[in-house]
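Chemist: Residue numbers (this note's numbering): -4 to 240. Beta carbons are placed, not taken as given, at the ideal position from N, Cα and C, and that holds for glycine.
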């Protein structure tokens, strides 16, 4: 229904993208420009490195999944079901085109916009960014800097609740049904350490640390700095070692 190829192909390319971001092995390499990372990669042959690394990437956890194998074999069935239910081909065709025009461009923004514009609260040295715009249009997939730093977090974001991350609600719903299990996330302490070590300073933890440093500096300035000899703030110890010629 999404017309984004079989799940197995999508997952393979996604894993290669994470492992080889912005290299020749990256299917959506943002170094090749906005258009390429947005949709151009679908219009040209894959770089040989993408194919080579895609063949080597571990897919053992998905390859033998019966549901995914069924989906790959029957990827065209949803269209046939629509025709069987009485929908004419013209309606299906235009519905598909309009959906591509809107929905898929929103999805593609994750690979293009969220690799060019935005903040880098978790790692300033990589291209993925956190983008509120992409977070809105892609219903929660715009916190890409976080996603690349912590790719195992099922929420793909640090944000609580579903206000900017509706995608998480879908996974949580299936977890409630018992269909999604072993959901993984990141402890707050690990996030804080990574933010302070490699972030660009835009995260609240970084701002808090900067404010604390400024406050400490102000305290030091008020108590330990003085205008010269004779200032009341000058300690007896300092005065004792002054050499008077």
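(1) Would you mind working out which of 186, 34, 195, 26 sits nearest residue 103, comparing C-alpha positions?
(2) Output needed for residue 32: all residues of its chain with C-beta closer than 7 Å, excluding positions within five of it in sequence on either side, in chain order.
(3) Should residue 83 go down as buried or exposed, given a rule of 16 or more other Cβ atoms within 10 Å for buried?
(4) Per DSSP, what kind of secondary structure is residue 114 in: helix, strand or coil?
(5) Would you mind giving the Cβ-Cβ distance between residue 166 and residue 149, rounded to the nearest angstrom? I have them listed as a contact below 8 Å.
(6) At the level of alpha carbons, what is the spacing between residue 89 and residue 198?
(7) By how many angstroms is the C-alpha of residue 207 removed from the C-alpha of residue 98?
(8) Kindly provide the ranges of any alpha helix (DSSP H) runs that are 4 or more residues long and lie completely inside the stretch 157 to 220, ordered along the chain.
(9) Taking the alpha-carbon positions, what's the residue 215 to residue 201 distance?
(10) Per the DSSP calculation, residue 148 is bridged to which residue(s)?
(11) Look up residue 138 in the DSSP assignment and give the residues it is bridged to.
Modeler: According to the structure data:
(1) 34
(2) 23, 24, 25, 106, 107, 110
(3) exposed
(4) strand
(5) 6 Å
(6) 43 Å
(7) 44 Å
(8) 161 to 172, 183 to 193, 199 to 219
(9) Any reading at residue 215 must be qualified, since the residue scores a pLDDT of 47, below 50, and its modelled position is unreliable; no value is offered.
(10) Answer is none; residue 148 lacks a bridge partner.
(11) 125
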